[in-house]
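Asker: Residue numbers 281 to 582, in the numbering used here, belong to the letters of the sequence shown in order. Take a look at the following structure, please.
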Amino acid sequence: MAASKKKNGVSSKALTRRETIAGYAFMLPSLVFFLGFVIYPMFQCIITSFFDSTMNREDIFVGLANYKELFTDPVFLGALKNTFIIVIVSVPVTCIFSLWVGSVLNNMTGPLCSLFRCVFYLPVVTGSVAVTVVWKWMFNNYYGIFNYLGKSTGLLEKNINWLGDEKYALGCIILILITTSVGQPIVLYVSALNNVDQSLVEAAQVDGANHLQVFWKIKWAQIKPTTLYILVITTINSFQCFALIQLLTSGGPNHSTDTIMYYIYHTAFKLYRYGYGNAMGVVLAIIIAVLSAIQFKVTSEK
Numbered sequence: 281m282a283a284s285k286k287k288n289g290v291s292s293k294a295l296t297r298r299e300t301i302a303g304y305a306f307m308l309p310s311l312v313f314f315l316g317f318v319i320y321p322m323f324q325c326i327i328t329s330f331f332d333s334t335m336n337r338e339d340i341f342v343g344l345a346n347y348k349e350l351f352t353d354p355v356f357l358g359a360l361k362n363t364f365i366i367v368i369v370s371v372p373v374t375c376i377f378s379l380w381v382g383s384v385l386n387n388m389t390g391p392l393c394s395l396f397r398c399v400f401y402l403p404v405v406t407g408s409v410a411v412t413v414v415w416k417w418m419f420n421n422y423y424g425i426f427n428y429l430g431k432s433t434g435l436l437e438k439n440i441n442w443l444g445d446e447k448y449a450l451g452c453i454i455l456i457l458i459t460t461s462v463g464q465p466i467v468l469y470v471s472a473l474n475n476v477d478q479s480l481v482e483a484a485q486v487d488g489a490n491h492l493q494v495f496w497k498i499k500w501a502q503i504k505p506t507t508l509y510i511l512v513i514t515t516i517n518s519f520q521c522f523a524l525i526q527l528l529t530s531g532g533p534n535h536s537t538d539t540i541m542y543y544i545y546h547t548a549f550k551l552y553r554y555g556y557g558n559a560m561g562v563v564l565a566i567i568i569a570v571l572s573a574i575q576f577k578v579t580s581e582k
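Okay, structure coming up:
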């Protein structure tokens, strides 16, 4: 009997070991890719940020000089300000609008619900270049649809150069970013609301709770994990806003639409100041990590 138990124990350990080896073998390609294209570049970025690194010469160690220069660079400070404006405006608007649309779609049935899901999700699966080209045409200061409608309705006296005027350019970027960011959160909220325990909702309604009380006390508690995920990914995407800037304004006019991501690209790949660009990347990563930690803390269940 003891020998049989010992044999079964050895067999169980051997099976567990084989399964573990097989699991790691399946993970190996992704792990190699992650280490080679994510972890290694991260450490290389941190190391290079302490050097005056450029093309056609050896790197020169400068310590914290790149970081000191960052906070005396008016272009970087302006890009930092623009980035925070984009995040502060786009993240709450995207989350609140997505939650509202998701709640409406959750109460709809039939083909109409599927149609609206498709319409809101379409910008997510459409190429960013194609979407940006359409918006660029709409904002065109000669034949764009916004100027046409504004003049037709009497709201505008003359054409506005939406993307070429410092007063409007950043607002246009934020509008485009919001419209292209709501698709995934809406789908996630619809899915989360469909998974809410309806027995709790019905019990609350029987006890006399109104719609707001049902949402806040029952539904909100069950969709908080989804909200946390949406907050984090929307914040990261807003901080990493680059394609819109590159395709529409290239940081202009007069750096009024510069973001940290675009300024990193401009510094590293146009001015060839790799060390200075990597220092900006490190600062951006720290900001995102701190804000994500705050979001986890605020939205975590007690």
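Yeah, the Cβ is synthetic: ideal placement off N, Cα and C, and Gly gets one too.
How many angstroms separate the CA atom of Ser394 from the CA atom of Lys497?
Answerer: Each residue's alpha carbon lies about 28 Å from the other.
Asker: Are three or more beta carbon pairs between the stretch 357 to 374 and the stretch 535 to 551 nearer than 8 Å?
Answerer: Yes, since at least three Cβ pairs between the stretch 357 to 374 and the stretch 535 to 551 fall closer than 8 Å, the two stretches touch.
Asker: By alpha-carbon positions, which one of Pro505, Leu571, Gly555 ends up nearest to Val367?
Answerer: Residue Leu571 is the option with its Cα nearest to Val367.
Asker: Using DSSP's beta-bridge definition, name the partner residues of Asp332.
Answerer: Beta-bridge pairing links Asp332 to Ile340.
Asker: Cα-Cα, which of Val563, Asn558, Leu450 is closest to Pro533?
Answerer: Pro533 has its Cα closest to that of Leu450, out of Val563, Asn558, Leu450.
Asker: Beta-carbon within less than 7 Å of Asn427's beta-carbon, same chain only, minus the 5 sequence neighbours each way: which residues are those?
Answerer: Excluding residues within five positions, the ones whose Cβ falls inside 7 Å are Asn421, Leu436, Asn439, Ile440.
Asker: Among residues of its own chain, excluding the 5 on either side of Gly444, which ones have a beta-carbon nearer than 6 Å to its beta-carbon?
Answerer: Hits under 6 Å: Pro533.
Asker: Using 10 angstroms around the beta-carbon of Pro403, count the other beta-carbons present and answer buried if the total reaches 16, otherwise exposed.
Answerer: That one is buried.
Asker: At what residues does the alpha helix (DSSP H) containing Trp442 begin and finish?
Answerer: Where Trp442 is concerned, there is no enclosing alpha helix (DSSP H), given that its DSSP letter is neither H nor E.
Asker: If Tyr545 sits next to Phe522, beta carbons under 8 Å apart, how far is it from one beta carbon to the other, in whole angstroms?
Answerer: So it is a contact: roughly 7 Å between Cβ atoms.
Asker: Please confirm if Leu564 has its CB atom under 9 Å from at least one CB of chain D.
Answerer: Here there is only one protein chain, and chain D is not present.
Asker: Given this structure, state the Cα-to-Cα distance separating Val342 from Phe317, to the nearest angstrom.
Answerer: One C-alpha to the other measures close to 26 Å.
Asker: Hey, out of Ile567, Thr579, Lys577, Tyr556, whose CA is closest to Ser329's CA?
Answerer: Answer by Cα proximity: Tyr556.
Asker: May I ask you to verify whether the stretch 306 to 313 touches the stretch 502 to 519, counting CB pairs closer than 8 Å and requiring at least 3?
Answerer: With a cut-off of 8 Å, the stretch 502 to 519 and the stretch 306 to 313 do not count as touching, because too few Cβ pairs lie within range.
Asker: Check whether the stretch 466 to 483 and the stretch 501 to 509 touch, using three or more Cβ-Cβ pairs below 8 Å as the test.
Answerer: Yes: at least three Cβ pairs fall under 8 Å.
Asker: Measure the beta-carbon distance from Ile525 to Ile453 and round it to whole angstroms, keeping in mind my assumption that it falls under 8 Å.
Answerer: Right, the Cβ-Cβ distance comes to about 7 Å (below 8 Å), so this counts as a contact.
Asker: Taking just the CA atoms, how far does Ser333 sit from Ile376?
Answerer: The alpha-carbon atoms of Ile376 and Ser333 are separated by roughly 43 Å.
Asker: Tell me the DSSP secondary structure of His491 in three-state form.
Answerer: In the structure shown, His491 sits in a helix (DSSP, three-state: H, G or I).
Asker: Once the 5 residues before and after Tyr448 are set aside, which same chain residues still bring their CB inside 7 Å of it?
Answerer: Cβ neighbours of Tyr448 beyond the five flanking positions: Ile440, Trp442.
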